[in-house]
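Trainee:
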Amino acid sequence: MTITTIAGHDVHVDVEGFLTSYDEWDEELAYALAAQIGLGLTPRHLSVLQFLRADFSEHGETATLRRVTAGTGVPTRELFALFPVKPAKKMAYVAGLPKPRGCV
Amino acid sequence: MSRASDAAPSSGRPGPRRLVVLGAGTAGTMLANRMARRLDDDWEITVVEPAAAHHYQPGYLLLPFGGYRPGQLQRPVADCLDARARLVCREVDHVAAADHQVVLTDGGQLPYDYLVVATGVTPRPDQVPGLLDDRVWRSSAHEFYTLDGALALRTALEQFQGGRVLVHVAEMPIKCPVAPLELTFLLDDRFRRLGHRGDLHLTYVTPLSGAFTKPVASERLGGMLAARGIDLETDFVVDRVDPEARTLLSYDGRELPFDLLVTVPPNLGADFVARSRLGDELNLVPVDPGTFLAKGHDDVFAIGDACDIPTSKAGSVAHFTIDVFVENFLEHVAGRPMTHAFDGHANCFVESGAGKALLLDFNYDTQPLPGTYPLPRLGPFHLLEETRVNHWGKLAFRWAYWNVLLPGRPLPLPSHMSMAGKQPEKAEA
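Top to bottom, those sequences are chains A and B. Our numbering numbers the first residue of the first sequence as 842 and each following residue consecutively. Our numbering numbers the first residue of the second sequence as 2 and each following residue consecutively.
1. Spell out a yes or no on whether the stretch 338-355 of chain B and the stretch 382-396 of chain B are touching, meaning 3 or more CB-CB pairs, one atom from each, closer than 8 Å.
2. Between residue 282 (chain B) and chain A, is any beta-carbon pair separated by less than 7 Å?
3. I need the DSSP call for residue 386 (chain B), collapsed to helix, strand or coil.
4. Just how far apart, CA to CA, sit residue 294 (chain B) and residue 427 (chain B)?
5. Compute the distance between the beta-carbons of residue 174 (chain B) and residue 314 (chain B), then report whether it is under 7 Å.
6. Return the CA-CA distance between residue 53 (chain B) and residue 80 (chain B), expressed in angstroms with no decimal places.
7. How about residue 291 (chain B) and residue 343 (chain B): are their beta carbons less than 7 Å apart?
8. Look at residue 122 (chain B) and residue 316 (chain B) and say whether their C-beta atoms are less than 7 Å apart.
9. Quick one: does residue 135 (chain B) have its CB under 7 Å from some CB of chain C?
10. Would you report the Cα separation of residue 414 (chain B) and residue 383 (chain B), rounded to the nearest angstrom?
11. Please look up how many angstroms separate the CB atoms of residue 208 (chain B) and residue 170 (chain B), rounded, as I've assumed it's under 8 Å.
12. Can you tell me whether residue 116 (chain B) is helix, strand or coil according to DSSP?
13. Using a beta-carbon distance below 7 Å, is residue 909 (chain A) in contact with chain B?
14. Among B:246, B:267, B:211, which one has its Cα closest to the Cα of residue 258 (chain B)?
15. Applying the 10 Å Cβ sphere with the 16-neighbour rule, what's the burial state of residue 889 (chain A)?
16. In angstroms with no decimal places, state the Cα-to-Cα distance between residue 331 (chain B) and residue 371 (chain B).
17. Under 7 Å between C-beta atoms, does residue 289 (chain B) make it to chain A?
18. Indicate whether residue 327 (chain B) and residue 38 (chain B) have their beta-carbon atoms separated by less than 7 Å.
19. Report buried or exposed for residue 58 (chain B), applying the criterion of at least 16 other Cβ atoms within 10 angstroms of its Cβ.
20. In chain order, what residues of the same chain lie with their CB nearer than 6 Å to the CB of residue 847 (chain A), ignoring the 5 residues before and after it?
21. In whole angstroms, give me the CA-to-CA distance for residue 305 (chain B) and residue 368 (chain B).
22. Which ranges does the beta strand (DSSP E) cover as unbroken runs of at least 3 residues, wholly within the stretch 171-250 of chain B, from first to last along the chain?
23. Between the beta-carbon of residue 101 (chain B) and the beta-carbon of residue 113 (chain B), is there less than 7 Å?
24. How would you write the range of the alpha helix (DSSP H) that residue 357 (chain B) sits in, first residue to last?
25. Using the beta-carbon of each residue, which ones in chain B are nearer than 7 Å to residue 843 (chain A)?
26. Quick check: what's the CA-CA separation for residue 892 (chain A) versus residue 278 (chain B)?
27. What residues of chain B sit near residue 917 (chain A), judged by a beta carbon separation below 9 Å?
28. With a threshold of 7 Å between beta-carbons, can residue 926 (chain A) be considered close to chain B, or not?
29. For residue 850 (chain A), collect the residues of the same chain with a Cβ closer than 6 Å to its Cβ; drop the 5 residues on either side in sequence, then sort them by chain order.
30. From B:287, B:16, B:386, B:31, pick the residue whose C-alpha is nearest to that of residue 401 (chain B); which is it?
31. What are the start and end residues of each continuous alpha helix (DSSP H) run of 4 or more residues lying completely inside the stretch 39-98 of chain B, in chain order?
32. In whole angstroms, what is the alpha-carbon distance linking residue 876 (chain A) and residue 882 (chain A)?
33. So residue 846 (chain A) is in the beta strand (DSSP E); what residue range does that whole segment cover?
34. Which two residues bound the contiguous beta strand (DSSP E) that contains residue 374 (chain B)?
35. Residues of chain B with a CB under 7 Å from the CB of residue 921 (chain A): which are they?
36. With a Cβ-Cβ cutoff of 7 Å, do residue 97 (chain B) and residue 89 (chain B) count as a contact?
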């Protein structure tokens with residue numbers, strides 16, 4: 842685990858750059874994290890991120906695509922448009938949450 | 002002391018206390034049979050199961066390859082249950098948790114003092130658009146998690162001459178998560194033995210980033226795919242099947258053509274769980290992973306595949322659950338705190354073809370590691386290694402299932418996972 846500086850914030854990250862101290866996240870940081878992977882955030886992105894944050898604080902793990910779709914009403918196809926190619930991983934990264942655990 | 006006063010502690014109602022178990026699959030049957038021996042006469046045990054037959058689901062894997070006759074894989078539900086358990090062959094409409102009763106689709110009501118949901122998960126091909134289209138379903142597109150599906154696949158394999166074969170997992174979690182890998186190894190083995198392996202282009206398609214979920218096992222199993230010339234397509238989130246072109250499409254724009262598709266559709270919990278507002282987005286009941294008590298309830302439990310605990314959906318988990326569950330249940334109904342915690346222990350034999358198999362043994366915290374099981378050095382089973390003894394263990398398991406596990410008799414294996422025999426250092430090598 843290392844400390845890195847993103848947009849003026851000192852944050853703890855793992856080897857892949859995912860935040861490890863989840864309370865270090867705020868919306869301003871989300872814009873910076875999104876920029877790191879070439880995404881510009883829209884209100885639609887933010888509504889998904891807000892769901893992920895709230896769901897994580899309740900359940901202690903990052904929501905799956907199905908759970909995000911069920912919880913936000915944003916269809917899977919749109920999640921792929923908002924966070925292209927690997928939406929589950931990218932959503933977690935920008936939301937400052939752990940990479941979704943492969944189920945067992 | 003009278004019976005009524007024995008019954009008094011939590012129900013406060015005269016008459017017997019009522020345990021209702023929904024589902025007579027692996028978990029529900031084992032639980033009802035064990036409870037029939039542990040609960041005293043003040044208890045009434047009711048099991049609700051609409052199906053007539055109990056199926057030995059692990060047998061579906063070998064059925065397409067001619068491994069079993071269907072009759073070896075099913076028995077009447079009533080024959081599997083202790084005579085003390087009352088069997089109600091009806092469908093559940095919903096659970097009215099606030100009223101502490103189960104409402105059946107025929108309008109009947111079953112009041113309970115304690116409810117255990119053990120209705121498992123079911124593959125749902127309707128969740129993948131195009132899969133159930135008449136042009137492909139059960140002719141070129143198959144599943145093998147039902148008896149009908151496994152038999153249809155057997156017929157298809159008898160006629161299959163070669164071509165592009167996809168073995169596909171739609172979405173995690175699925176029950177018996179190693180089964181699609183096993184099926185892939187067995188397909189490879191079958192065509193090798195027939196001398197037609199060259200006619201087969203075999204691809205394993207998964208939503209995961211590797212062959213399996215846990216790092217050491219994923220690497221070992223991924224290596225076994227590569228060694229057999231089987232392609233691996235990862236991070237594949239399925240969008241739909243195109244029945245006209247016979248292709249499998251992902252949301253990120255990949256199109257995989259097939260002559261034969263063997264898919265594991267999304268696995269969902271029972272629809273009544275959703276109607277009862279007891280489930281999550283997969284109709285799984287959220288529970289405490291140590292005690293199986295449904296979150297937000299004091300008299301509803303969920304065990305086996307029906308609950309959301311973060312370990313494999315497998316019969317072995319249901320089995321290792323029962324010992325812990327029974328002790329906790331007895332404490333809970335006596336008004337005491339539950340002092341036993343389930344550790345997520347799972348183990349699975351993995352058929353790898355050519356009469357060999359691997360064994361995986363793991364829990365919530367420890368991933369599958371190399372070594373021996375259950376005894377250090379002596380085994381007889383080898384973890385994460387292909388041996389004939391492991392394969393015989395898998396075949397012998399069917400006998401143990403019908404005669405030891407389902408009746409709720411003790412198997413001389415500890416419920417909790419043990420590090421004895423495991424060799425984490427070998428995983429590093």
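Note that the Cβ used here is the ideal one computed from N, Cα and C, for glycine as well.
Mentor: Answer, in terms of the structure:
1. yes
2. yes
3. Secondary structure of residue 386 (chain B) (DSSP, three-state): coil.
4. 38 Å
5. yes
6. 10 Å
7. yes
8. no
9. Given the protein chain composition of this structure (A and B), no chain C is represented.
10. 16 Å
11. The Cβ separation is near 6 Å, so the contact holds.
12. strand
13. no
14. With distances taken between Cα atoms, residue 258 (chain B) lies closest to B:246.
15. buried
16. Cα-Cα distance, rounded: 36 Å.
17. no
18. no
19. buried
20. 873
21. 20 Å
22. 201-206, 232-234, 239-243
23. yes
24. No alpha helix (DSSP H) contains residue 357 (chain B), which is instead part of the beta strand (DSSP E) from 357-363.
25. For the C-beta of residue 843 (chain A), not a single chain B residue is nearer than 7 Å; the gap to the nearest is close to 21 Å.
26. 20 Å
27. 238, 240, 252
28. yes
29. 870
30. B:31
31. 78-81
32. 8 Å
33. 843-847
34. 372-376
35. 252, 253
36. No Cβ-Cβ contact shorter than 7 Å links residue 97 (chain B) with residue 89 (chain B).
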